[in-house]
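Read in order, the letters of the sequence shown are residues 33 to 382 in this note's numbering.
Beneath this line is the structure, given in structure tokens, with notes to follow.
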Amino acid sequence: MAMVRCGPDLYAFDRDLHHLCHIALCAAGERALNQLVFEKILQFLALRTASRVAAGWYHTCVVEADGQLKCFGGNYGRQCEVPADLGPVMAVAAGHFHTCALKADGQVVCFGSNVYGQCKVPPGLAPATAVAAGVNHSCVILSDGTLVCFGNNRAGQCDVPPDLGPVAAVAAGLHHTCALKADGQVVCIGGLGDRSCDVPPELGPVVAIAAGEHHTCALQADGQLVCFGCNLHGQCDVPEDLGPVRAVAAGGAQTCAVKANGEVVCFGYNRYGQCNVPELDSAVSVAVGEGHVCVLQQNGRVSCFGWNHEGQCEAAHPAAKPHLSPSSLLRAPWEFFGALSTLGCLACLG
């Protein structure tokens with residue numbers, strides 16, 4: 033750690049910013065911040081923004097741009113205790129009390145509650161390309177398109193049909209699993225009679241699927257969103273004026289869609305305000321938990337809203353912090369930016 037003096041009252045400390053802020057600026061009695069330093073700090077933050085987000089029932093997981101996985105919120109089953117040796121991650125899925133990560137090498141690692149075997153990844157799996165987590169079961173798509181599910185199988189949600197064929201995507205709910213085949217057809221298994229597996233016969237070619245507790249949503253190739261299953265809270269009542277959609281997520285008894293223009297629209301159960309979408313930048317994807325929603329924005333930041341009783345909406349990484357401006361940087365955590373003097377000056381060094 034290095035230290036530099038800037039004026040009579042200011043010292044700044046090197047906190048491994050890798051020579052990012054090589055300039056120490058200070059103006060006595062003024063809060064001065066050089067624009068060049070500000071831009072370089074933003075460049076640093078951009079390296080730590082998010083690339084993926086997943087919402088479990090009471091926790092949230094974020095994959096940062098460098099592949100590092102961070103989880104926060106409810107930790108009853110230790111679903112937020114990311115293994116220290118996990119390594120870079122490509123994708124993440126969050127269930128009730130468990131989390132599954134798809135590593136950069138195609139290996140799947142699940143951690144948290146394993147009461148139903150939902151974290152017991154079958155040995156000898158070929159490299160995987162996708163992972164999904166239901167309430168108490170998990171599903172993996174292998175590189176050849178084979179679907180493998182494990183964990184709670186009370187409703188047959190892990191009984192993959194032997195003639196299913198190659199799968200492009202998978203979604204897991206409470207008691208059901210839905211697979212999007214390579215030809216755009218949707219096949220659902222399990223369900224316990226909640227109609228979450230009653231795929232509409234007129235459903236057109238599908239490009240994405242999502243599963244809530246008792247409902248399923250399919251995004252057609254034409255951008256139209258279709259939802260089916262339990263509709264007790266209106267989670268299947270797609271707004272008539274929704275328009276073309278480019279991403280969808282379902283969780284609990286609510287559904288969220290990312291429109292073609294990047295706007296997020298949520299509908300269904302709203303007791304905790306999880307359908308009251310705040311003002312956001314253009315969205316890339318959305319994740320829905322039991323009572324909270326998280327949005328990955330185009331700028332790499334994650335914003336969460338809704339039920340926050342376990343801190344599942346309090347992202348603890350830079351990607352989720354409020355938008356930074358020169359004035360807000362003066363209140364930023366010193367471990368990222370250096371130390372502030374009593375004069376309010378910011379100093380960074382390399």
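Cβ coordinates follow ideal geometry from the N, Cα and C atoms, glycine included.
Which of the three DSSP states is assigned to residue i in this structure?
{"i": "Phe129", "result": "coil"}
{"i": "His341", "result": "coil"}
{"i": "His265", "result": "coil"}
{"i": "Gln150", "result": "coil"}
{"i": "Glu272", "result": "coil"}
{"i": "His91", "result": "strand"}
{"i": "Val277", "result": "strand"}
{"i": "Ser30", "result": "There is no way to answer for residue 30, as the model of the chain reaches only from 33 to 382."}
{"i": "Val69", "result": "With a pLDDT of 48 at Val69, under the threshold of 50, the modelled position of that residue is not reliable, and the figure given next carries that caveat. Helix at Val69."}
{"i": "Thr161", "result": "strand"}
{"i": "Val114", "result": "coil"}
{"i": "Arg84", "result": "strand"}
{"i": "Gly177", "result": "coil"}
{"i": "Glu346", "result": "coil"}
{"i": "Cys229", "result": "coil"}
{"i": "Val258", "result": "strand"}
{"i": "Val309", "result": "coil"}
{"i": "Pro155", "result": "coil"}
Per DSSP, which one or two residues make a beta bridge with residue i?
{"i": "Thr209", "result": "Ala204, Ile221"}
{"i": "Cys336", "result": "Cys326"}
{"i": "Gln286", "result": "Gly283, Gly300"}
{"i": "Gln252", "result": "Val238"}
{"i": "His246", "result": "Bridge partners of His246: none, in fact."}
{"i": "Gly106", "result": "Looking at the DSSP assignment, Gly106 forms no beta bridge with any residue, so it has no partner."}
{"i": "Ser170", "result": "Ala165, Phe182"}
{"i": "Gly197", "result": "Answer by DSSP bridge pairing: none, since Gly197 is not bridged."}
{"i": "Cys142", "result": "Cys132"}
{"i": "Val124", "result": "Ala133"}
{"i": "Glu96", "result": "Ala82"}
{"i": "Leu101", "result": "Val95"}
Would you grab the beta carbon distance between residue i and residue j for me? Rounded to a whole angstrom, and I think it's under 8 Å.
{"i": "Ala160", "j": "Gly138", "result": "5 Å"}
{"i": "Ser317", "j": "Gln330", "result": "The pair is not a contact, with the Cβ atoms about 10 Å apart (cut-off 8 Å)."}
{"i": "Phe337", "j": "Gln306", "result": "7 Å"}
{"i": "Gly99", "j": "Ala126", "result": "No, Gly99 and Ala126 are not in contact; Cβ-Cβ is about 17 Å, not under 8 Å."}
{"i": "His91", "j": "Cys112", "result": "5 Å"}
{"i": "His247", "j": "Ala201", "result": "Incorrect: roughly 17 Å between the Cβ atoms, too far for contact."}
{"i": "Ala86", "j": "Ala97", "result": "Wrong, their Cβ atoms sit about 16 Å apart, outside the cutoff."}
{"i": "Val192", "j": "Gly216", "result": "About 19 Å separates the two Cβ atoms, so there is no contact after all."}
{"i": "Gln267", "j": "Val258", "result": "Gln267 to Val258, Cβ: 13 Å. No contact."}
{"i": "Pro276", "j": "Gly244", "result": "Their Cβ separation, rounded to whole angstroms, is 22 Å, which puts Pro276 and Gly244 out of contact at 8 Å."}
{"i": "Cys93", "j": "Thr131", "result": "6 Å"}
{"i": "Gln308", "j": "Asn302", "result": "The sequence as given places Asn at residue 308; Gln does not occur at that position. So it is a contact: roughly 7 Å between Cβ atoms."}
{"i": "Cys262", "j": "Asp226", "result": "5 Å"}
Among the options, which one has its Cα closest to the Cα of residue i?
{"i": "Ala133", "options": "Val239, Gln267, Leu101, Asn107", "result": "Leu101"}
{"i": "Gly205", "options": "Gly106, Glu322, Gly105", "result": "Glu322"}
{"i": "Ala164", "options": "Asp195, Ala187, Val199, Pro194", "result": "Val199"}
{"i": "Ala279", "options": "Gly106, Val192, Ala250", "result": "Ala250"}
{"i": "Asp269", "options": "Cys298, Val309, Cys326, Cys93", "result": "Cys298"}
{"i": "Ala162", "options": "Cys190, Leu196, Ala203, Gly197", "result": "Ala203"}
{"i": "Arg110", "options": "Asn263, Ala285, Gly88, Glu96", "result": "Gly88"}
{"i": "Ala187", "options": "Val167, Tyr301, Ala214", "result": "Val167"}
{"i": "Gly156", "options": "Val180, Thr287, Ser83, Val192", "result": "Val180"}
{"i": "Ile173", "options": "Gln267, Ala158, Cys326, Gln189", "result": "Ala158"}
{"i": "Trp339", "options": "Val290, Tyr148, Val296, Gln286", "result": "Gln286"}
{"i": "Cys220", "options": "Thr209, Val290, Pro194", "result": "Thr209"}
{"i": "Tyr304", "options": "Gln344, Tyr108, Ala240", "result": "Gln344"}
{"i": "Glu311", "options": "Tyr301, Cys326, Gly300, Ser175", "result": "Cys326"}
{"i": "Gly300", "options": "Arg333, Cys93, Lys291, His265", "result": "His265"}
{"i": "Arg84", "options": "Asp230, Val334, Glu346, His341", "result": "Val334"}
{"i": "Ala214", "options": "Ser228, Gly223, Ser175, Gly197", "result": "Gly197"}
{"i": "Gly144", "options": "Tyr108, Ala116, Leu118, Glu342", "result": "Tyr108"}
{"i": "Val147", "options": "Val140, Glu272, Gly183, Cys229", "result": "Gly183"}
{"i": "Asn185", "options": "Ala242, His207, Cys142", "result": "His207"}
{"i": "Gln189", "options": "Ala240, Gly106, Ser228", "result": "Ser228"}
{"i": "His169", "options": "Phe104, Gly222, Asp273, Glu295", "result": "Gly222"}
Would you verify that the beta carbon of residue i is, or is not, closer than 8 Å to some beta carbon of chain C?
{"i": "Gly149", "result": "This model lacks chain C altogether; it includes just one protein chain."}
### Task
Could you tell me whether the region 150-157 touches the region 112-126, using the rule of 3 or more Cβ pairs below 8 Å?
no
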